[in-house]
Amino acid sequence: MKEFINQGSKDTRSGFGEALHELGSKNHEVVALCADLIGSLKMDAFARDFPDRFFQVGIAEANMIGIAAGLTIGGKIPFTGTFANFSTGRVYDQIRQSIAYSNKNVKICASHAGITLGEDGATHQNLEDIGMMKMLPNMTVINPCDFNQTKAATLAIADHSGPVYLRFGRPKWPNFMPAGQPFVIGKALLLNEGSDVSIFATGHMVWNALQACKILEDQGIRAEVINIHTIKPLDEEAILTSVIKTGCVVSAEEHMRNGGLGDSIAQLLALKHPAPLEMVAVNDVFGESGKPEELLKKFGLDVPDIVAAALKAIARK
Amino acid sequence: MLSIQELEKIASQVRRDIIRMVHGASSGHPGGPLGSTDFLVALYFKIMKPDHEHFTLDGRGEDLFFLSNGHLSAGWYSVLARYGYFAISELGTFRKLGSRLQGHPATAEGLPGIRMSSGSLGQGLSVSIGAALAKKLNQDEHLVYCLMGDGELQEGQNWEALMYAAGKSVDNLIAVVDYNGVQIDGPNDKVLPLGNLHAKFEAFGWNVLTVYGNDMTEVVATLKKAQWYTGQGKPVMILMTTHMGFGVDFMTDNHEWHGTFPNDEQTKNALGQLHETLGDY
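Residue numbers (the numbering used here), protein chains in the order written: chain A, 1 to 317; chain B, 318 to 598.
Given below as structure tokens:
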């Protein structure tokens, strides 16, 4: 299989912070808002160099979402920053009415998504955010896989007109996508060609899918790995093309099974091309405190879980 | 320049529109908009005088208005139509299938004059702050106005916004509370007492003005005074006492007319109390 090399692990949120800072100079309409988490969101550089366009709103996320929506009236492109939990569930109705229904050009940027948030535990480990956001008409939902891709995605959404939910994480994670690769919203990336099973992964799980692919290769199984960085709009063509070739599917995501990427793929397959599907996701339980790698193992999101799901999907063909 | 008398004539017609729209739709909220009609008429026709012929969502170079308590839509739509944003005949489509005049204000249908959806309460002040901040960034000297309900102040987001606007000196913003003392389930004091709003707003760091909102002369004078207070480091709040259902005796101060439509006989009775000054739609 094609080799993907970790260029040195970095947190995806730092990719967001670097790109936001770059946008500060590139696009003078870009403004940023934060709810008392500047350091965690890596917004320090933007706040330092563009103080007039940076709004510290305090621990008041509902107000932050409303202010961001209002800033678009006057042509600003607001990027809000807080944890995924406070970026979605806490402010769902504010997003629904003032951003999605009103179709405002706000970029909701959410860090510390998923189980790999780690030790803070279930109160902060949001595993429902993709589901909540993808249900909203007008909303684009993006979940990049590493530092480089998060940076590219952050730059790309500034040029996209309309509401966007951009999801990224807390831990240092392998950085393997080519630096500077332009990010095309809604265009899935084929990382490894295969013929026996299609693995559609998003976010941190793309790296795990590539590791699983290697193990499967050693067993004589050729897995196709596709990076679904945009959950909505879903690249249906890329998914169907792959499934027609391989005949079975694994989805892998750091999210609840209900409402996640697997759920979107299941819908697509049921409607257009029924095929066996195995979902690697958290299944209707809350997370808990622990180290990211321990949690991935405990909640069934580790490399061996993807390998097992692939074997199971193939057996069901 | 329109005289107070001319503004009162417009207000009478707007009140007729509200009754006829809600009756025509067999649904909607007559009480709130009847109470805040004088304010909306004064704001559009005397104070803001926005450019209705070149409406843009951005609203650069003009004053902006946001309606936080979106259920006052009938009154706002009437004022927008009477001001010239769209044909008054369109008022007859209120709340009907395919209409741009949705039950609560929306941007999706592209109705000129509306820049933000509202109806789910407590969000308008935050939005207005955002628009006011954008004006500052754009070096646009114009002001942002926001109307809120009193019952709506029970939503916590308002207090986040009140804290922010004062704490960060958003002084190109004039917020107005339609203080009619009633909400769907009854008087504010019975549902959840609001306490001393004047003292609360002042404690939060706002410049607070009070006005009786069903007297056109007072409303115009207070809005002018509020304009004078802008640009001095503090946001401006107008605590505007009104009568829900003002202009129609059997609706006045009666919370049952918050969200009830009048039947044919009640409509006839109500219209008999409101002069047709500009011609019905």
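Backbone N, C-alpha and C fix where the C-beta goes; we use that ideal spot for every residue, glycine too. Note that this is a predicted model, so its numbers are computed, not measured.
Self-check item: Three-state class that DSSP yields for M135 of chain A in the structure shown
Solution: coil
Quiz item: Given that Y481 of chain B touches chain A, what residues does it touch there, using C-beta distances under 8 Å?
Solution: V57, G58, A60, N63 and I67
Exercise. Assign I115 of chain A to buried or exposed, taking buried as 16 or more other Cβ atoms, counted over all protein chains shown, within 10 Å of its Cβ.
Key: buried
Quiz item: Among B:D488, B:T577 and B:M533, which has the Cα closest to the Cα of V525 of chain B?
Solution: Ranking the options by Cα distance to V525 of chain B, first place goes to B:D488.
Quiz item: Taking contact to mean at least 3 C-beta pairs separated by less than 8 Å, is the stretch 149-162 of chain A in contact with the stretch 182-189 of chain A?
Solution: yes
Quiz item: Along the chain, where does the beta strand (DSSP E) that runs through F383 of chain B open and close?
Solution: Run containing F383 of chain B: L381 to L384, per the beta strand (DSSP E) assignment.
Exercise. Following the continuous beta strand (DSSP E) through E61 of chain A, name the residue where it begins and the one where it ends.
Key: For E61 of chain A, there is no enclosing beta strand (DSSP E); the residue is part of the alpha helix (DSSP H) that begins and ends at E61 to L71.
Quiz item: Which first and last residues belong to the beta strand (DSSP E) in which D495 of chain B is found?
Solution: L490 to Y496
Self-check item: Validate contact between the stretch 429-449 of chain B and the stretch 368-380 of chain B using beta carbons, cut 8 Å, 3 pairs
Solution: yes
Quiz item: Excluding the five sequence neighbours on either side, which residues of its own chain have a C-beta within less than 6 Å of the C-beta of S251 of chain A, listed in chain order?
Solution: F200, L261, G262, I265 and M279
Quiz item: Among A:K298, A:K312, A:D49 and A:V197, which one has its Cα closest to the Cα of V31 of chain A?
Solution: Nearest option by C-alpha distance: A:D49.
Quiz item: What separation, rounded to the nearest whole angstrom, lies between the Cα atoms of F356 of chain B and Y598 of chain B?
Solution: 21 Å
Quiz item: Are the CB atoms of F55 of chain A and L33 of chain A nearer to each other than 8 Å?
Solution: yes
Quiz item: Does N85 of chain A come within less than 8 Å of chain B when only Cβ atoms are used?
Solution: Output row for N85 of chain A: interface = no.
Exercise. Measure the beta-carbon distance from H560 of chain B to N586 of chain B and round it to whole angstroms, keeping in mind my assumption that it falls under 8 Å.
Key: No, H560 of chain B and N586 of chain B are not in contact; Cβ-Cβ is about 17 Å, not under 8 Å.
Quiz item: How close, in whole Å, do the beta carbons of T80 of chain A and N143 of chain A come, if the pair is a contact with beta carbons under 8 Å?
Solution: Not confirmed; about 17 Å, so no contact.
Quiz item: How is K452 of chain B classed by DSSP in three states: helix, strand or coil?
Solution: helix
Practice problem: Evaluate T534 of chain B with the Cβ neighbour count: other Cβ atoms within 10 Å of its Cβ, from every protein chain shown; 16 or more gives buried, anything less gives exposed. | Solution: exposed
Self-check item: C34 of chain A: first and last residue of the uninterrupted beta strand (DSSP E) it sits in
Solution: Counting along the chain, the unbroken beta strand (DSSP E) around C34 of chain A starts and ends at V30 to C34.
Quiz item: How many Å lie between H301 of chain B and G436 of chain B at the Cα?
Solution: Chain B is shown only over 318 to 598; residue 301 of chain B falls outside these bounds and no answer can be derived.
Quiz prompt | Partner residues on chain A for E477 of chain B, Cβ-Cβ distance less than 7 Å | solution = Within 7 Å of the CB of E477 of chain B, the CB atoms of chain A belong to A60, A62 and N63, in sequence order along the chain.
Self-check item: Test item: CB-CB of T584 of chain B and L556 of chain B under 8 Å
Solution: No, these two residues do not count as a Cβ contact at 8 Å.
Quiz item: Using DSSP with H/G/I as helix, E/B as strand and the rest coil, what is Q94 of chain A?
Solution: Residue state for Q94 of chain A is assigned as helix, using DSSP reduced to three classes.
Quiz item: Just by C-beta distance, which residues in the stretch 442-458 of chain B are closer than 8 Å to chain A?
Solution: L442, S443, V444, S445, I446, G447, A448, A449, L450, A451, K452, L454, N455 and D457
Quiz item: Start and end of the beta strand (DSSP E) containing H255 of chain A?
Solution: V249 to M256
Self-check item: Sub-8 Å separation of G439 of chain B and N497 of chain B beta-carbons
Solution: Contact: no.
Quiz item: At least one CB of chain A closer than 8 Å to the CB of M433 of chain B: is that the case?
Solution: yes
Practice problem: Drop a sphere of 10 angstroms on the beta-carbon of H371 of chain B, count the other beta-carbons inside from all chains shown, and report buried for 16 or more, exposed for fewer. | Solution: It counts as exposed.
Quiz prompt | Sub-8 Å separation of T88 of chain A and P233 of chain A beta-carbons | solution = no
Exercise. Kindly indicate which three-state DSSP category D457 of chain B falls into: helix, strand or coil?
Key: coil
Quiz item: Who are the Cβ neighbours of I157 of chain A in its own chain at under 8 Å, not counting the five residues just before and after it?
Solution: Here the set comprises K107, T140, I142, V164, L166 and I185.
Exercise. May I ask which residues mark the beginning and end of the beta strand (DSSP E) holding P422 of chain B?
Key: From DSSP, P422 of chain B is part of no beta strand (DSSP E); its letter is neither H nor E.
Exercise. Pull up the DSSP beta-bridge partners for L526 of chain B, would you.
Key: Paired residue(s): B:I555.
Quiz prompt | Per DSSP, cross-strand counterpart(s) of M279 of chain A | solution = A:S251
Exercise. Identify the continuous alpha helix (DSSP H) that holds Q544 of chain B and give its terminal residues.
Key: M533 to Y546
Quiz item: Thinking just about the alpha-carbon of each residue, which of A:S102, A:L189 and A:D93 is nearest to the one in E472 of chain B?
Solution: A:D93
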